[in-house]
Amino acid sequence: MSPNPRSIIILIADDDAEDRMLVKEALEESRLNNHIQFVENGEELLDYLNNKGRFADKEQYPTPGLILLDLNMPKKDGREALKEIKQQEHLRMIPVVVLTTSKAEEDILRTYDLGVSSFITKPVTFSSLVDVMKTLSKYWFEIVELPKS
Numbered sequence: 001m002s003p004n005p006r007s008i009i010i011l012i013a014d015d016d017a018e019d020r021m022l023v024k025e026a027l028e029e030s031r032l033n034n035h036i037q038f039v040e041n042g043e044e045l046l047d048y049l050n051n052k053g054r055f056a057d058k059e060q061y062p063t064p065g066l067i068l069l070d071l072n073m074p075k076k077d078g079r080e081a082l083k084e085i086k087q088q089e090h091l092r093m094i095p096v097v098v099l100t101t102s103k104a105e106e107d108i109l110r111t112y113d114l115g116v117s118s119f120i121t122k123p124v125t126f127s128s129l130v131d132v133m134k135t136l137s138k139y140w141f142e143i144v145e146l147p148k149s
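The opening residue of the sequence shown carries number 1 in the UniProt record's numbering; numbering runs sequentially from there.
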């Protein structure tokens with residue numbers, strides 16, 4: 001089995017600037033060379049995915065191959081955004097991985113019911129976050145077959 005040579009865009013939806021920076025650094029530390037885009041809330045996430053507003057340029061904001069989604073964000077939280085993503089035919093095939101501080105069983109059950117691909121609780125330490133990102137990148141970019149975007 002060889003690694004997937006396609007460059008897949010990773011879209012990270014998280015309102016916390018420090019968390020965004022830490023996830024980006026952890027992905028870089030795990031030697032992931034994929035292009036990373038960021039949005040700060042559920043409204044921006046849906047605008048990006050539908051190329052609306054400031055995300056209208058499809059070349060600058062291409063369809064991601066993977067979404068890392070925080071649940072607790074302003075304007076439209078991750079749960080609401082996930083529900084809308086999975087209701088839109090042109091978006092529902094994009095794998096969405098919840099990456100959140102929540103450990104609530106209700107959140108885990110609800111997000112899987114809405115169609116999330118995986119649920120990960122954010123690790124407390126940076127080294128643990130790097131380990132999670134290494135595992136995540138190996139799984140999503142070397143092991144599984146993703147649909148062509």
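We put the beta carbon where it would ideally sit given N, CA and C, even for glycine.
Under three-state DSSP, which class holds residue i?
i, result
"Ala104", "coil"
"Ala56", "coil"
"Thr125", "coil"
"Gln88", "coil"
"Val132", "helix"
"Ile36", "strand"
"Ser30", "coil"
"residue 190", "A question about residue 190 goes unanswered here, because the residues of the chain that appear run from 1 up to 149."
"Ser118", "strand"
"Ile143", "helix"
"Leu71", "coil"
Quick check on residue i - is its C-beta less than 9 Å from some C-beta in chain C?
i, result
"Ile9", "Absent from the structure: chain C. Only one protein chain is present."
Assign residue i to buried or exposed, taking buried as 16 or more other Cβ atoms, counted over all protein chains shown, within 10 Å of its Cβ.
i, result
"Asp70", "buried"
"Met133", "buried"
"Lys58", "exposed"
"Tyr112", "exposed"
"Ala78", "Position check: residue 78 holds Gly in this sequence, whereas Ala was assumed. Buried: at least 16 other Cβ atoms inside 10 Å."
"Ile85", "buried"
"Val23", "buried"
Whose C-alpha, out of the options, is nearest the C-alpha of residue i?
i, options, result
"Trp140", "Leu32, Asp14, Glu105 and Glu25", "Leu32"
"Leu45", "Asp19, Leu11 and Met21", "Leu11"
"Leu49", "Leu82, Leu114 and Asp19", "Leu82"
"Asp47", "Met21, Ile143 and Leu91", "Leu91"
"Asp19", "Glu106, Pro62, Glu142 and Leu129", "Leu129"
What's the gap between the Cα of residue i and the Cα of residue j?
i, j, result
"Gln60", "Ile67", "17 Å"
"His35", "Leu27", "10 Å"
"Phe119", "Gly42", "17 Å"
"Ser137", "Asp131", "10 Å"
"Glu29", "Lys76", "30 Å"
"Ala17", "Arg110", "26 Å"
"Ala104", "Phe55", "33 Å"
"Gln88", "Val39", "19 Å"
"Asn51", "Ser127", "35 Å"
"Val144", "Glu80", "27 Å"
"Asp107", "Asp15", "18 Å"
Between residue i and residue j, which are expected to be in contact by the criterion C-beta below 8 Å, what is the C-beta distance as a whole number of angstroms?
i, j, result
"Val98", "Val124", "At roughly 17 Å, the Cβ-Cβ gap does not stay under 8 Å, so Val98 and Val124 are not in contact."
"Pro95", "Leu146", "7 Å"
"Gln37", "Ile9", "6 Å"
"Thr101", "Thr121", "7 Å"
"Met73", "Ala13", "7 Å"
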